[in-house]
């Protein structure tokens, strides 16, 4: 999420907040101090997704899709294993698939 608040528009936006909208005020203050944070940061502060959406509609913030890469095995100590041997029927099935893949041929396997 990116804050769209600037020194020029901050006062104007703040004047338009309903005085009873405490979560919107809280979001507004957080946006003033933190211009680029993930939405999880705001939800941890008690700001609901509804209030975030209202902030977007009012022009205070914009959502940005960010692709996050992670290693699901990070910090885990996995024991190395060895491959199991395939029986003859399984090996034939694997060979059929690999042969078809190498030829770039679409086949239905039975």
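Numbering (my numbering), first residue to last: 2 to 111.
Where is the CB? At the ideal position from N, CA and C, for every residue including glycine.
Just so you know, these numbers come straight off a predicted model, no measurement behind them.
| Query | Result |
| --- | --- |
| Out of curiosity, what's the CA-to-CA distance linking residue 94 and residue 83? | 21 Å |
| Mind checking which residues open and close the alpha helix (DSSP H) that includes residue 151? | Any question about residue 151 goes unanswered here, given that the chain covers just 2 to 111. |
| For residue 32, which three-state DSSP category applies? | helix |
| In whole angstroms, what separates the C-alpha of residue 47 from that of residue 80? | 41 Å |
| Since residue 62 sits in a beta bridge, which residues does DSSP pair it with? | 4 |
| Can you check which of these residues, 18, 27 and 36, is closest to residue 3 by C-alpha distance? | 36 |
| Could you check the C-alpha separation between residue 31 and residue 75 for me, to the nearest Å? | 32 Å |
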